[in-house]
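Chemist: If you count by the working numbering, then the sequence shown holds residues 1 to 312, one letter each, in order. The C-beta atom is built at its ideal place from N, Cα and C for all residues, glycine as well. Keep in mind it's a predicted model, so treat the numbers as computed, not measured. Quick one: the structure is below, questions incoming.
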Amino acid sequence: MNQPLAALCALTCETELATRLTAVIGDGGDEMPIAPPLGDKICCPVEDAALRQRICTQLQLLAAAQSIHCPWLSLAGLYRVIVPPDRHSAVLANERLLTAIGQSRAAHEGKQGAFAFPCERGIVVVLPMQIVGYALAPDTEVQRQYGFTTIWHELAHAHALALDYWPQGQLRRPRASASLQLASLMWHEFFADRHSHWPGFSCAFEHQLVERAWQQVKASPTSAHVGQLLVDVARAYGRIGATRTEPFPWVAAFPQAQELAPVALAWRTCADDLDRACASLVATNESPDMSALERSSQALSLACQTALGASL
């Protein structure tokens, strides 16, 4: 592996010393040191030392804010947070680790966002520089929200993925069956968005993803398109239900379903299973049983395909 890629490989990259953080206590302005949540796990191969320090400090501060907002989240299973110039370079550098868990390079082609994955030493979070830039120096409030929530989303993934795929400090390969894969994708996106949303932040992006996927399914109700819709709906429900500002957040996350009664009924069951899984994880700090969600997500998928397929 050449040096640029080695610098981004989770197993060989260099990490930064932990940033010193302090918190202001009360109105008197007294400061108290707090432990940097990400420790010495950040890899940020940026030549400009001042910029590198700003990036590391911002990530530590965001992780600290999330730990205060959601104290049941743990980063104990986190191995690395890598800040590459782009997603593609991180995929190339970690191709062997991704292949070991059944993810091909081709599966990442065309994607530009952040991602997290389990490896033999823990959970790796990849935050491309563009996303970190939105959090560090945004041009608009929309960019700031996108940067912050994306970073919090991936750090929440680190907690749930560690419980699911790295129990007792050993890698457990992702589930193989198609039905379990769908349930797992829905669960992890729901959980990550449930723990990356603050009051006042917009849910417009999640609404757009659901609407786009809904139109795709209406045009072509294949199992693949329906699966993408359900993952987007689960993500939206996580975000919208985080602050419970809507009277019926499960409806608000998937308003299109109300056009078709069987779909709406199946979605409500699925939403209840997502909520129960989340409550179970918070209460036990263990990966939840996916059997109920596997059944309800398959029932929802079938309801969508049947209802929309019959109307074409």
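Please report the straight-line C-alpha distance between Val-126 and Ala-156, rounded to a whole angstrom.
Modeler: On the sequence shown, position 126 is the one that residue 126 refers to. On the sequence shown, position 156 is the one that residue 156 refers to. Looking at the two C-alpha atoms, the distance is approximately 13 Å.
Chemist: Could you tell me the alpha carbon to alpha carbon distance between Ala-116 and Ala-50, rounded to whole angstroms?
Modeler: Position 116 of the sequence shown, counting from 1, holds the residue named residue 116. Position 50 of the sequence shown, counting from 1, holds the residue named residue 50. Answer to the nearest angstrom: the Cα atoms are 26 Å apart.
Chemist: Out of Ala-176, Val-142 and Tyr-79, state which residue places its alpha-carbon closest to the alpha-carbon of Gln-170.
Modeler: For the purposes of this step, residue 170 is taken as the residue at position 170 of the sequence shown. Answer by Cα proximity: Tyr-79.
Chemist: Would you mind working out which of Leu-21, Ala-6 and Thr-22 sits nearest Thr-15, comparing C-alpha positions?
Modeler: Taking the first residue of the sequence shown as position 1, residue 15 is located at position 15. Nearest C-alpha to Thr-15: Ala-6.
Chemist: Can we say the segment 93 to 108 touches the segment 135 to 155, given the rule of at least three CB pairs closer than 8 Å?
Modeler: Counting Cβ pairs under 8 Å, fewer than three are found: no touch.
Chemist: Of all the options Ala-64, Asp-164 and Trp-72, which has the alpha carbon lying nearest to the alpha carbon of Val-282?
Modeler: Here residue 282 corresponds to residue number 282 of the sequence shown, with the count starting at 1. Cα-wise, what sits closest to Val-282 is Trp-72.
Chemist: Can you give the Cα-Cα distance for Met-1 and Leu-11, rounded to whole angstroms?
Modeler: Position 1 of the sequence shown, counting from 1, holds the residue named residue 1. Position 11 of the sequence shown, counting from 1, holds the residue named residue 11. Reliability of the predicted coordinates at Met-1 is poor, the pLDDT of 47 falling under 50, and the value obtained from them is presented with this limitation in mind. Rounded to whole angstroms, Met-1 to Leu-11 spans 12 Å at the Cα level.
Chemist: In three-state DSSP terms, what is Ile-42?
Modeler: Within the sequence shown, the letter at position 42 stands for residue 42. Three-state DSSP puts Ile-42 in a strand.
Chemist: Straight-line CA distance for Glu-286 to Glu-211?
Modeler: Along the sequence shown, one-based indexing puts residue 286 at 286. Along the sequence shown, one-based indexing puts residue 211 at 211. If you take the alpha carbons of Glu-286 and Glu-211, they lie about 33 Å apart.
Chemist: Below 7 Å between beta carbons: does that hold for Pro-128 and Leu-161?
Modeler: The count along the sequence shown starts at 1 and reaches residue 128 at position 128. The count along the sequence shown starts at 1 and reaches residue 161 at position 161. In this structure, Leu-161 does not lie closer than 7 Å to Pro-128 by Cβ.
Chemist: Which of helix, strand or coil does DSSP assign to Arg-87?
Modeler: Position 87 of the sequence shown, counting from 1, holds the residue named residue 87. Arg-87 falls in the helix class under three-state DSSP.
Chemist: Measure the C-alpha to C-alpha separation of Pro-45 and Leu-8 and round it to an integer number of angstroms.
Modeler: Numbered from its first residue, the sequence shown carries residue 45 at position 45. Numbered from its first residue, the sequence shown carries residue 8 at position 8. The straight-line gap from Cα to Cα measures roughly 8 Å.
Chemist: Run through DSSP, which three-state label would Ala-292 get?
Modeler: What you label residue 292 is simply residue 292 of the sequence shown in a count that begins at 1. Helix at Ala-292.
Chemist: Measuring only the C-alpha atoms, how far is Gly-122 from Cys-304?
Modeler: Within the sequence shown, residue 122 is the residue found at index 122, counting from 1. Within the sequence shown, residue 304 is the residue found at index 304, counting from 1. Near 37 Å, if we compare the C-alpha coordinates of Cys-304 and Gly-122.
Chemist: Threshold first: 4 residues or longer. Then list the alpha helix (DSSP H) segments lying entirely within the segment 217 to 297, N to C.
Modeler: With a minimum length of 4 residues, the continuous alpha helix (DSSP H) runs that stay inside the segment 217 to 297 are 223 to 240, 249 to 253 and 261 to 284.
Chemist: Judging by CA-CA distance, which residue of Gly-227, Thr-284, Arg-268 and Leu-75 is the nearest neighbour of Ala-253?
Modeler: The residue you call residue 253 lines up with position 253 of the sequence shown. Among Gly-227, Thr-284, Arg-268 and Leu-75, the Cα nearest to that of Ala-253 belongs to Arg-268.
Chemist: Which residues bound the beta strand (DSSP E) around Cys-119?
Modeler: Translated into positions along the sequence shown, residue 119 becomes position 119. Here the beta strand (DSSP E) through Cys-119 covers 115 to 119.
Chemist: Can you grab the Cα-Cα spacing for the pair Gln-143 / Gly-200, in whole Å?
Modeler: Sequence index remark: in the sequence shown, residue 143 carries index 143 (1-based). Sequence index remark: in the sequence shown, residue 200 carries index 200 (1-based). Distance between the alpha carbons of Gln-143 and Gly-200: 14 Å.
Chemist: Alpha helix (DSSP H) containing Leu-182: first to last residue?
Modeler: Against the sequence shown, residue 182 aligns to sequence position 182. Residues 178 to 194.
Chemist: By the three-class DSSP mapping on this structure, what secondary structure does Pro-167 have?
Modeler: In the sequence shown, residue 167 corresponds to position 167, counting from 1. Looking at Pro-167 - three-state DSSP - the assignment turns out to be helix.
Chemist: For Ile-131, count the other beta carbons within 10 Å of its own beta carbon; 16 or more makes it buried, fewer makes it exposed. Which is it?
Modeler: Walking along the sequence shown from the start, residue 131 turns up at place 131. So Ile-131 ends up on the buried side.
Chemist: Which word fits Glu-31, buried or exposed, when buried means at least 16 other C-beta atoms lie within 10 angstroms of its C-beta?
Modeler: Locating residue 31 in the sequence shown gives position 31, counting from the first residue. Under this definition Glu-31 is an exposed residue.
Chemist: Using a Cβ-Cβ cut-off of 7 Å (strictly less than) and excluding sequence neighbours within five positions of Tyr-165, which residues of its own chain qualify?
Modeler: Position 165 of the sequence shown, counted from the start, is the residue given in the question as residue 165. Excluding residues within five positions, the ones whose Cβ falls inside 7 Å are Pro-118, Leu-171, Arg-172 and Pro-174.
Chemist: Tell me whether the beta-carbon of Ala-299 lies closer than 7 Å to the beta-carbon of Ala-266.
Modeler: By one-based count along the sequence shown, residue 299 stands at place 299. By one-based count along the sequence shown, residue 266 stands at place 266. Their beta carbons are under 7 Å apart, which means Ala-299 touches Ala-266 by this criterion.
Chemist: Roughly how far, in whole angstroms, is the beta-carbon of Gln-58 from the beta-carbon of Trp-152, given that I think they are within contact range, below 8 Å?
Modeler: Within the sequence shown, residue 58 is the residue found at index 58, counting from 1. Within the sequence shown, residue 152 is the residue found at index 152, counting from 1. Wrong, their Cβ atoms sit about 12 Å apart, outside the cutoff.
Chemist: Can you tell me which of the three DSSP states Thr-314 falls into?
Modeler: Given that the chain is displayed from residue 1 to residue 312, the structure contains no residue 314 and the question cannot be resolved.
Chemist: Since I believe Gly-238 is in contact with Glu-189 (beta carbons under 8 Å), could you give me their beta-carbon distance rounded to a whole number of angstroms?
Modeler: Translated into positions along the sequence shown, residue 189 becomes position 189. Translated into positions along the sequence shown, residue 238 becomes position 238. Right, their Cβ atoms sit about 7 Å apart.
Chemist: Note the first and the last residue of the continuous alpha helix (DSSP H) segment covering Leu-62.
Modeler: Here residue 62 refers to the residue found at position 62 when the sequence shown is read from its first residue. Note, Leu-62: alpha helix (DSSP H), 49 to 69.
Chemist: With respect to 6 Å, is the separation between the Cβ of Ala-135 and the closest non-hydrogen atom of the ligand COA below this value?
Modeler: Among the components modelled here there is no ligand, and therefore nothing to report on the ligand COA.
Chemist: Ile-82 and Cys-43 - do their beta-carbons sit closer together than 7 Å?
Modeler: The residue you call residue 43 lines up with position 43 of the sequence shown. The residue you call residue 82 lines up with position 82 of the sequence shown. Their beta carbons are under 7 Å apart, which means Cys-43 touches Ile-82 by this criterion.
Chemist: Does DSSP put Arg-144 in a helix, a strand or coil?
Modeler: Reading the sequence shown from its first residue, position 144 is the one you call residue 144. Residue state, collapsed to three classes: helix.
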